[in-house]
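Quick note on numbering: the sequence shown equals residues 182 to 449 in my numbering.
Where is the CB? At the ideal position from N, CA and C, for every residue including glycine.
Everything below concerns the one structure shown next.
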Amino acid sequence: MNHLLREIAPLSDGNWELLDEEARERLEGPLAARRLIDFAGPQGWEHSATNLGRTEKLAAPDGGGVEALRRRVLSLVELRADFAIDREELRADGRGAVDADLTPLDEAALRVATCENVAVFHGWADAGIIGIAEASPFAPEPLGERGDDYPRSVARAVESVRGVGVGGPYGLALSPDEYTRVIETAEHGGYPLFDHLGQILLGGPIVWAPGLEGALVVSLRGGDFLFESGQDLAIGYDHHDADSVALYLQESFSFVVATPEAAAPLSR
182 MNHLLREIAP
192 LSDGNWELLD
202 EEARERLEGP
212 LAARRLIDFA
222 GPQGWEHSAT
232 NLGRTEKLAA
242 PDGGGVEALR
252 RRVLSLVELR
262 ADFAIDREEL
272 RADGRGAVDA
282 DLTPLDEAAL
292 RVATCENVAV
302 FHGWADAGII
312 GIAEASPFAP
322 EPLGERGDDY
332 PRSVARAVES
342 VRGVGVGGPY
352 GLALSPDEYT
362 RVIETAEHGG
372 YPLFDHLGQI
382 LLGGPIVWAP
392 GLEGALVVSL
402 RGGDFLFESG
412 QDLAIGYDHH
422 DADSVALYLQ
432 ESFSFVVATP
442 EAAAPLSR
């Protein structure tokens, strides 16, 4: 039995299959940061820290002319989003229903994915995580008031990154509002803005990123941003009563920016 306690939950194998598949589908879109950065792991629930390769000086215990150093690490953090599923919905699934109401799981998936995106893009001071946007040395490039202005702004952001020797292709993360504006905009002549931006990015992806403020251009060459997963997102069991089963989505991770100039933010 592991820490997720799935073995003692009042769920059938079919119920778990349903929940796991639903979670995978609901997390695929919102986990935007992972599509733009390096992912290492999962290393397991017991993995607790990321090696930073650096040290800090300490006073030797006896003061006898010996140099002492302590190795620096970044502790992994845990995220958990609780939710509850009605037991009648699980029984209906067991009888072959194809419309089981899993709305609480869907909402939990969006909450935890959004929180992860915020940590990666904007940082998490209490966890010692510096985000991509706050680490970037470039002043935020204004997006402009209209979708038609975006290609010029994104091109300038790409040039900022490329101008310091960081190659592409490049990805573009957009807040939900900005993403909607992009897919709804047709430039002069009816040319889709989405396609134009893709050319500027040298074929890199454009991702919908809940939790992001504005937009962010990120080099996809690799080695610049590291997300280290301890336990990847998984569903665990907490408790149950006659009416519902209390579950949760949980993960552990750290995030390190290796090359701050490999990304450029854009703002409204």
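Identified DSSP bridge partners for residue i
i, result
"R253", "R235"
"Y360", "Per DSSP, none; premise fails for Y360."
"W305", "I310"
"F319", "In DSSP, F319 forms no bridge with anything."
"P373", "A367"
"G417", "Y429"
"V438", "F406"
N- and C-terminal bounds of the alpha helix (DSSP H) containing residue i
i, result
"S334", "Y331 to G344"
"G385", "Where G385 is concerned, there is no enclosing alpha helix (DSSP H), given that its DSSP letter is neither H nor E."
"L208", "D194 to E209"
Residue i burial status per 10 Å Cβ neighbour count (16 or more: buried)
i, result
"V247", "exposed"
"S229", "exposed"
"N304", "Looking at the sequence provided, one finds Gly at residue 304 rather than Asn. With 16 or more Cβ atoms within 10 Å of its Cβ, G304 is classed as buried."
"R251", "exposed"
"V279", "exposed"
"A241", "exposed"
"P191", "exposed"
Residue i vs residue j beta-carbon contact at 8 Å
i, j, result
"L397", "F302", "yes"
"S425", "I266", "yes"
"L239", "A249", "yes"
"V438", "F408", "no"
"A262", "V293", "yes"
"A130", "S400", "Because the chain is modelled from 182 through 449, residue 130 falls outside the range shown and cannot be assessed."
"A453", "A213", "Nothing can be reported for residue 453: it is not among the residues displayed for the chain, which extend from 182 to 449."
"L414", "E394", "no"
"R449", "L286", "no"
"L382", "G352", "yes"
"Y331", "L283", "no"
Which of helix, strand or coil DSSP assigns to residue i
i, result
"L217", "coil"
"V299", "helix"
"L260", "strand"
"P446", "strand"
"G352", "strand"
"V247", "coil"
"V293", "helix"
"D267", "strand"
"A281", "coil"
"G230", "It should be pointed out that residue 230 corresponds to Ala in this sequence rather than to Gly. Looking at A230 - three-state DSSP - the assignment turns out to be strand."
"D274", "helix"
Closer than 8 Å to chain B by CB, residue i
i, result
"A294", "Any reference to chain B falls outside this structure, which holds one protein chain only."
Extent of the continuous beta strand (DSSP E) to which residue i belongs
i, result
"L186", "Premise fails: L186 is in no beta strand (DSSP E) and is neither H nor E."
"L407", "F406 to S410"
"V398", "A396 to S400"
Near the ligand GTP: residue i beta-carbon under 7 Å from a heavy atom
i, result
"L383", "As far as ligands go, the structure on display features none, and thus does not contain the ligand GTP."
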